[in-house]
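Working notes, beginning with the structure itself.
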Amino acid sequence: MRRVIKPAEFQGKNTLALARWLLGKVLVRTTSSGRVTATITDVEAYVGEKDLACHASKGRTKRTEIMYQSGGRWYVYLCYGVHEMLNLVTGPADYPAAILVRGLETVSGPGRVTKRLSIDRKLNGALATRAAGLHLQDHGLVPPRGSIKSGPRIGVDYAGPVWAAKSWRFWIEG
DNA sequence: ACAAGGATACCT
DNA sequence: GGTATCCTTGTC
Numbered sequence: 261m262r263r264v265i266k267p268a269e270f271q272g273k274n275t276l277a278l279a280r281w282l283l284g285k286v287l288v289r290t291t292s293s294g295r296v297t298a299t300i301t302d303v304e305a306y307v308g309e310k311d312l313a314c315h316a317s318k319g320r321t322k323r324t325e326i327m328y329q330s331g332g333r334w335y336v337y338l339c340y341g342v343h344e345m346l347n348l349v350t351g352p353a354d355y356p357a358a359i360l361v362r363g364l365e366t367v368s369g370p371g372r373v374t375k376r377l378s379i380d381r382k383l384n385g386a387l388a389t390r391a392a393g394l395h396l397q398d399h400g401l402v403p404p405r406g407s408i409k410s411g412p413r414i415g416v417d418y419a420g421p422v423w424a425a426k427s428w429r430f431w432i433e434g
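Under the working numbering, the first sequence is numbered contiguously, ending at residue 434.
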């Protein structure tokens, strides 16, 4: 069983539930030089303006505008002037939330994820469709019960103790 | 332990 | 127009 996941599936649903659900789903990157697929194993949720770790905590700006669009779009930004970060926008329009893809089955670290899949900011704002060159598939692989772990998000100490402590990172053990 | 590296937001 | 800061990584 192999099903294409549509952008609409990321609208109007709880972002934390979506983040957990995204584990085991498959990223499909299509470019002129071919196709690369990878299973998602590590994600983080960023939810709403109140979440001080979320870029949208600064409100609606040129950069965060994409997070206020309806879910199912890619949000790609540059971090530390070095690494591209891949996020999937979730939720309805005007509610800023996104899920950071932090790791793949054979790749640890969000900067390496985008490197592996040849992803950069040119994809920012694109819908998660095959036509855009990056979409998702459900291969029916559900992580074994108990293999899903959760814990604090990485690199967000600046958000203060309350928000940095939220267990909004989800990953498949191993 | 720390430099690299560029965009962003928020000052003046 | 100046500057502190950033959802990191590789090499020191």
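Virtual Cβ for every residue (Gly too), placed ideally from N, Cα, C.
What residues match up with residue i in a beta bridge as DSSP calls it?
{"i": "residue 270", "result": "None, per the DSSP bridge assignment."}
{"i": "residue 302", "result": "363, 431"}
{"i": "residue 289", "result": "296, 394"}
{"i": "residue 357", "result": "307"}
{"i": "residue 416", "result": "Bridge partners of residue 416: none, in fact."}
{"i": "residue 333", "result": "387"}
{"i": "residue 265", "result": "396"}
Return the chain-ordered list of same chain residues with a C-beta closer than 6 Å to the C-beta of residue i, the five sequence neighbours on each side being excluded.
{"i": "residue 345", "result": "337, 339, 370"}
{"i": "residue 296", "result": "289, 377"}
Is residue i helix, strand or coil by DSSP?
{"i": "residue 345", "result": "strand"}
{"i": "residue 324", "result": "helix"}
{"i": "residue 422", "result": "helix"}
{"i": "residue 317", "result": "helix"}
Here's a check: name, in chain order, each residue in its chain whose Cβ is nearer than 7 Å to the Cβ of residue i, leaving out the five neighbours to either side.
{"i": "residue 313", "result": "306, 413, 416, 419, 423, 424"}
{"i": "residue 309", "result": "316, 317, 319, 356"}
{"i": "residue 301", "result": "283, 363, 364, 365, 431, 432"}
Please work out which residues of its chain come closer than 8 Å, Cβ to Cβ, to residue i, disregarding the five sequence neighbours upstream and downstream, and give them in chain order.
{"i": "residue 274", "result": "none"}
Nearest to residue i by CA position, among the options, is which residue?
{"i": "residue 411", "options": "262, 329, 289, 279", "result": "279"}
{"i": "residue 325", "options": "430, 342, 349, 434", "result": "349"}
{"i": "residue 270", "options": "341, 351, 361", "result": "351"}
{"i": "residue 353", "options": "262, 268, 427", "result": "268"}
{"i": "residue 367", "options": "298, 408, 381", "result": "298"}
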